[in-house]
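Chains as they are written, first to last, in the working numbering: chain V, 1 to 355; chain B, 356 to 710; chain Z, 711 to 1065; chain P, 1066 to 1420; chain A, 1421 to 1775. Glycine included, every Cβ here is placed at the ideal spot set by N, Cα and C. Everything numeric in this text was worked out from a predicted model, so none of it was measured.
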Amino acid sequence: MSRYVKKRSKKAGLPPGTLVYIGDRKPDGVKITILDYNEADFHEMDAGTVEACFPFRDTLSVTWLDVDGTHDIETIRKLGECYGLHPLVQEDILNTDQRPKLEDYGDYLYIVLKMLSHDERSGEIRSEQVSLILGRSFVISFQEGKEGDVFGPIRDRIRSGKGRIRKTGADFLAYSLIDAVVDSYFVIMEKLGESVDILEERLVDRPSPETLHGIHALKKEMIFLRKSVWPLREVIGALERGDSGLIQEPTRAYLRDVYDHTIQVIETIETFRDMVTGMLDIYLSSLSNRLNEVMKVLTIIATLFMPLTFLAGVYGMNFRRMPELEWPWGYPAVLGIMCTVAISMLAYFKKKKWF
Amino acid sequence: MSRYVKKRSKKAGLPPGTLVYIGDRKPDGVKITILDYNEADFHEMDAGTVEACFPFRDTLSVTWLDVDGTHDIETIRKLGECYGLHPLVQEDILNTDQRPKLEDYGDYLYIVLKMLSHDERSGEIRSEQVSLILGRSFVISFQEGKEGDVFGPIRDRIRSGKGRIRKTGADFLAYSLIDAVVDSYFVIMEKLGESVDILEERLVDRPSPETLHGIHALKKEMIFLRKSVWPLREVIGALERGDSGLIQEPTRAYLRDVYDHTIQVIETIETFRDMVTGMLDIYLSSLSNRLNEVMKVLTIIATLFMPLTFLAGVYGMNFRRMPELEWPWGYPAVLGIMCTVAISMLAYFKKKKWF
Amino acid sequence: MSRYVKKRSKKAGLPPGTLVYIGDRKPDGVKITILDYNEADFHEMDAGTVEACFPFRDTLSVTWLDVDGTHDIETIRKLGECYGLHPLVQEDILNTDQRPKLEDYGDYLYIVLKMLSHDERSGEIRSEQVSLILGRSFVISFQEGKEGDVFGPIRDRIRSGKGRIRKTGADFLAYSLIDAVVDSYFVIMEKLGESVDILEERLVDRPSPETLHGIHALKKEMIFLRKSVWPLREVIGALERGDSGLIQEPTRAYLRDVYDHTIQVIETIETFRDMVTGMLDIYLSSLSNRLNEVMKVLTIIATLFMPLTFLAGVYGMNFRRMPELEWPWGYPAVLGIMCTVAISMLAYFKKKKWF
Amino acid sequence: MSRYVKKRSKKAGLPPGTLVYIGDRKPDGVKITILDYNEADFHEMDAGTVEACFPFRDTLSVTWLDVDGTHDIETIRKLGECYGLHPLVQEDILNTDQRPKLEDYGDYLYIVLKMLSHDERSGEIRSEQVSLILGRSFVISFQEGKEGDVFGPIRDRIRSGKGRIRKTGADFLAYSLIDAVVDSYFVIMEKLGESVDILEERLVDRPSPETLHGIHALKKEMIFLRKSVWPLREVIGALERGDSGLIQEPTRAYLRDVYDHTIQVIETIETFRDMVTGMLDIYLSSLSNRLNEVMKVLTIIATLFMPLTFLAGVYGMNFRRMPELEWPWGYPAVLGIMCTVAISMLAYFKKKKWF
Amino acid sequence: MSRYVKKRSKKAGLPPGTLVYIGDRKPDGVKITILDYNEADFHEMDAGTVEACFPFRDTLSVTWLDVDGTHDIETIRKLGECYGLHPLVQEDILNTDQRPKLEDYGDYLYIVLKMLSHDERSGEIRSEQVSLILGRSFVISFQEGKEGDVFGPIRDRIRSGKGRIRKTGADFLAYSLIDAVVDSYFVIMEKLGESVDILEERLVDRPSPETLHGIHALKKEMIFLRKSVWPLREVIGALERGDSGLIQEPTRAYLRDVYDHTIQVIETIETFRDMVTGMLDIYLSSLSNRLNEVMKVLTIIATLFMPLTFLAGVYGMNFRRMPELEWPWGYPAVLGIMCTVAISMLAYFKKKKWF
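Structural data, given as structure tokens:
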């Protein structure tokens, strides 16, 4: 459940803008990486302290501050003050249960995304909140500090100077980060697709209560996914169509492209939901089918042996005067009758297509 | 049911604006607390009579009148007259079955909220209506007079002068009250999340009719919750985007924040609904599964013993001429045949994976 | 079904504006009551003939013509001609299967409402169409002529001159009539709420096919209610926001109040629908539960006695050489074996938690 | 299925505007009836050839060309050319699987309707496409040429000169035709209502697989109906609110009336759908109920006789030393025990309310 | 599953506009066909190399470049550069998992469609992406290079000069291509309709688990179809209503026609979905019905023979003193009692309508 409701209650009653970290694990330290570049130059450094980031606020070159770890309240506060972030933005960066959203504060845009990854061990989808601050000439990205991210290829592209990224502004960098996050959803989709395939195959072969729990688990994953991806559509749509001066015209075409990808992801999720619902129907009717089959076996057995046992019982009675018992051919005759009854019943079942 | 339909019928036929209290319990007395403050000064007092509140109407400092108990019609009427409240507003304050709403009367805004709390004994969610009147320099809050509220921390913040609250106007106070109400929903969400978790666990371990009633009860709580929370979204959205002069620009950013929280609460409720629906499916198919299992046991037993009993019956017949009965090895032979039949049937069931 | 489809087919092919009465019962006579009032004066009279109503068309005081019975085509036609009603309006007054609607004919508004009442005998909800014509200084209300209406308190208020009604215009009178109709819905809601409560209790205690039919009947009532109430929301919304000069500004606040009530009624219906749907699920799974229980009893009995009967059958065989039969302790030994088998089976079922 | 998908594939690959008739049956000949009228004069004639229609294009009086049979491509083409119909309109007149729609070509409006009739023999609803061309002073109606139509009363009204129709223009004639089509839907609704009633009664009395197929057939009829009626709402709404100069102001009030009727039809269909869905639920749970009942009978019988048979079996064993067999009161005692067991079991079932 | 999720993950991390082919099979070569025509002239040729297409960019006559095969990245890149296609468009042409969409790049429109065909062998619907570039005087169409397309008749019409196509511009050509694609959907619809018919017939005759899997497969086809067709509605609607200068006025009427066809396809899919859902209900209740029938047989057999076997057992007991056994008419009397019991039970079942 902790994936669906975080311990927001810690915060109840505190004044707005109070910085409280509500995530569950506190990694060791906050790591800030600075990438500063323009078409000609490129600098990369680890900021030992948060103060090292301050001089980059007013440079003309594009600066990307990547803050990995949001548990250190002091760091966020100092950075927020230097870059003029609203107290509510600082609060939201720490609250890692935000839904994806876009807020326009005039000087900068505040974007919340969910970076998803597939946990191989538990088979669950893990989510990490990424907050982006897009200013005139800088982008600050806040990650929760979990292992790994999806921004490696972007760093490489900046370092190597390939593609458009070094020739364009901070808005293109922000687009690239969003694009990387959305692209990673396709990997999740493929994993989900495989799970759906496996479940479907198992459903046809040998449905079992485990299949049912598999379907249930898959459904829960999709509820979780939808919650992370649906609002994104609105966010990117607002970025593309919005009138913020921070987004330049050529970048909008690229945003439209990410928008299309988001819709594709959403449609795929909906397709999966439809299919999983269909699988539940199949599971339930395969249960009924099996019950039918078992019942038929029982009915055939009972219908076959009950009359025979009754016949045997009749000639097991101890009446003094039972003329059949004296007949020399009585026993074989009864055996013959029994065979006839059994065979005609089997023929009846055959006609009824019971086996 | 009383949570869903209140005794509105008492009112049928009365002229509009007639004040009738429709709540079910009448607490002892109405308690009015006055908090009057600006950045420098702060006064707090218990108003013995309603008349003690009148002088605060025209002060320049921010005044918060907290009326605890709406059963005393006369108090509401007098206060309403002094502060110029429309008769319909007075009526709505008494009708504690309002849905959350916002009404703009020009000079003041009328806001209805639902304060929710989790009743530990019955496990149900209890609701208390909070009516807010936001004027130029005052906020009047009406509570139903049930035990406890969620405004304690706000009082403390006003007393101590910490945070922004003393430096800002009545609109920020109103925002703070709304924020406190919405924050308290997260506590309810966590309680619900726990209930969902417990039910889900029990569903997997040992589904029983009690589980079903648990699911049903949970569903009813959610229907109740939705009714209280859904309209709030519209209310806060209208406050944020509205053009009422009573809301100042800096407060809108804070309202947008509460708006986000409301959406988060709504999405969580919807997520829970989806999960509870899924649990019902699981419950139903676990019933089918168990039926299947029971039927298999029955079928195995019947299939095993019916032919054997029949065989025993055959050799229990009293025909005079039954040559097998005379054979010295007749009895062991029949026992042998019986064993063979039983074993081959068990092998057949094994192959069919029936056990 | 007659509640859902009225005999419209009588009308197929007739030119539009042809007056045909499609209701099912024709009460004895049409009764027209005239109430004419302003702040100072008040007249009430029974109009013997329709012509008695004509002089009130042009008075400055507010006139309320309450026409009880719509089966007399001639009356409607004459009244319609005198007050300038469009032929289609006259037709719609007679067609008592209209859905609630608002039509603006410039000089007057035509409003259709459904007055609902709970029929104690059949337990069904009965509907009566109320058509309102709101002119500059008059309101004409047409009722189907069934027993009773909900306008008694309004008549009393006009007679006594209490409240705002005598001080205001025809629009406030129309509002009061609509308000009375909507208030009466709350009575229906309470009745429905009780039915839901009773059904729910019975569902938990002893579900039976009657419970199912109760649920079905309740569902049908709700489908019927929805059809009557849903369109009302739009009607009152249009009245409140509309730009008809016939509605004065102060009345709009009152209309907004009725609008809220309508939404409350709609939400309650939806809540009931959700609950009734949930009850159906419970009923179905309680059926499955009971089947499970019955099957378990059957399986326990069969599993217990089949092996024992088989054992008894074995020693009932008549083979000449069955050494066990000769043993002095054979009989008690077999009885002992039988007990052991029975007890170990019961232990097995106990372990499986079958009883 | 042919009602749902017509042989459109004949047309795949042909250039747009190619005239191909896709209906299934070709009636003998095309019959064109000309009605030309104004307030004073009236002419009615059968047009032998299509050329006979041409002179009426430019008369000032209102002309109604009723073309019965759309299989003769040449006729449509010539008429289309003379009256200036767009090739796509000519194509759509022939394609009798159009959904209801309205197209504004400036000089004329093109309206597609579905005329429904109830086929007594098959119990199915039959559909015939009616295309209307509304020009400045003419209306052309194209019917598929099936037997019968619903326009008889309109012809009579034109002939007799009663009502408004002879005093008004072509737009009122078009309205009258649409109104006649929509009015005929009410007849279908009543037939459907009767079917629902009959099915519901049978469901309560004696549900059988035939009931299920009845429900299924009804559902299919409704899917078919919805497809024909839903788009009509939009069509008439667009006619009423549209800004085409071909519709005069007084006619709009009449169109609003048809619009209301359409909504009434749609709501009735939705009500039926809800009820049929509810009937399916009832059917399914009545099946479960019956299964429960059958199972109870089986369980009672088995529980009653299995222990008794076992007892009889015990005393049928052939052990040499079975002291009970020697007792003089052994037999009556066993019979007594058997009775006691049977009676106490029946009492137990009675207590469990199994019968 | 591969139909639902393509291997997008190959692309994760690459800069936007990187050309990567994600389809699954690589046909041998790319084939480019050039058709250049105006009302008077017509040229058709196979372009050996991509460079052969360049001169046609600036001709005044209409040019249709049909590129069959999108796996050769270099060809797309060169063509894209010459005709000024945005890198994202080039990327999307290669990504064959696009959803249908329309993008307006000012100088040209980029349209994505899905060409569907029914694979006779697997019974599945196959999809091929068609990308159209509509410029001032040229149309470029990109197909995935699978066997066959639906554009043959258009080529023939251009060659022969019949119809409007040679007299009109590139926009009409683009319309014709879209129209051909949408027309081909009707063929798919007919195939689906046949499948629905067959399944429905089989459902009534002899429902089996195969029927269930057939329903499931059909449902999956429809989910797939919807994904391909739904967005098309928006695409063509935007084309028709859009303000792009590339679409001339007379073509809009034709686009409205295709728009209607798309809606017809969508409605047919929805109709099928409704019917398939109904079939699932029928299947499930036919299962229950059959279970009921089997259970009845079992119950009849058991109820008939259990009392008889019990009776036989009683008189098979070995008590020394059983007076009935000595009676001369004991045996016939017991046989008579047995017959009476059996006949009265059968009569009871007859009355209960169990067979």
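Here DSSP, grouped into helix, strand and coil, assigns B:Y392 to strand. For Z:V777, the closest alpha carbon among the candidates Z:F852, Z:K930, Z:F1059, Z:V892 is that of Z:F852. Within the same chain, and ignoring the five residues on either side of B:L594 in sequence, the residues whose Cβ sits closer than 7 Å to its Cβ are L457, I602, L610. Interface with chain A (8 Å Cβ-Cβ cutoff): P:N1383 is included.
For P:K1166, the uninterrupted beta strand (DSSP E) run begins and ends at 1166-1169, by DSSP.
By the rule that beta-carbons nearer than 8 Å mark a contact, Z:Y969 does not touch chain B. With distances taken between CA atoms, B:L464 lies nearest to B:D526 out of B:D526, B:K517, B:E436, B:R454. Contact check for P:P1296 and P:R1164: beta-carbon distance about 5 Å, within the 8 Å limit, so the pair qualifies. Fewer than three Cβ pairs drawn from the segment 975-986 of chain Z and the segment 1010-1025 of chain Z lie within less than 8 Å of each other, which leaves the two stretches out of contact. Here V:V297 is near B:T658, since their CB atoms are less than 8 Å apart.
Per DSSP, Z:T773 is not a residue of any alpha helix (DSSP H); the beta strand (DSSP E) it occupies stretches across 772-778. In the DSSP assignment, A:D1466 falls outside any alpha helix (DSSP H) and within the unbroken beta strand (DSSP E) covering 1462-1467. Chain-ordered listing is empty here: chain B has no CB closer than 8 Å to the CB of Z:F764, the nearest sitting near 31 Å.
Sixteen is the threshold: when 16 or more other Cβ atoms of the shown chains lie within 10 Å of the Cβ of V:H261, as they do, the residue is buried. The Cβ-Cβ distance between Z:S832 and Z:V860 does not fall below 8 Å.
For V:V294, the chain B residues whose C-beta falls within less than 9 Å of its own C-beta are N647, M650, K651, L653, T654, W709, listed in chain order.
Contact between the segment 1099-1107 of chain P and the segment 1227-1242 of chain P is established, with three or more Cβ pairs separated by less than 8 Å. Rounded to whole angstroms, the Cβ separation of V:V20 and V:L88 is 13 Å, and the two are not in contact under 8 Å. In the structure shown, V:Q98 falls within a coil segment according to DSSP collapsed to helix, strand and coil.
For P:F1207, the uninterrupted beta strand (DSSP E) run begins and ends at 1203-1208, by DSSP. Looking from the CA of A:C1502, the closest CA among A:D1478, A:E1511, A:H1491, A:T1516 belongs to A:D1478. P:S1353 belongs to the set of residues whose beta carbon lies under 8 Å from a beta carbon in chain Z.
Look at Z:E1036: its C-beta is under 8 Å from a C-beta on chain P. Closer than 8 Å to the CB of A:P1520 there is not a single CB belonging to chain V. By the criterion of a C-beta distance shorter than 7 Å, V:I76 is surrounded in its chain by L19, T70, Q90, I93, L94, once the five residues flanking it on both sides are discounted.
Of the other Cβ atoms in all chains shown, 16 or more fall within 10 Å of the Cβ of A:I1656; this residue is therefore buried.
Within the same chain, L1283 come within 7 Å of P:S1260 by CB-CB distance, once the 5 residues on both sides are set aside. P:E1266: member of the alpha helix (DSSP H) spanning 1235-1270, first to last residue. In the DSSP assignment, B:H426 falls outside any beta strand (DSSP E) and carries neither an H nor an E.
Counted as a single uninterrupted DSSP element, the beta strand (DSSP E) harbouring V:M115 occupies residues 109-118.
Under the three-state reduction of DSSP, V:I125 is assigned to strand. By the neighbour-count criterion, in which a residue is buried when 16 or more other Cβ atoms sit within 10 angstroms of its Cβ, A:W1484 is buried.
For Z:S995, the chain B residues whose C-beta falls within less than 9 Å of its own C-beta are P564, L567, L635, Y638, L639, L642, listed in chain order. In terms of beta-carbon proximity, P:I1402 stays away from the interface with chain A, with every pair separated by 8 Å or more. Residues of chain Z with a Cβ closer than 7 Å to the Cβ of P:G1228 are, in chain order, P725.
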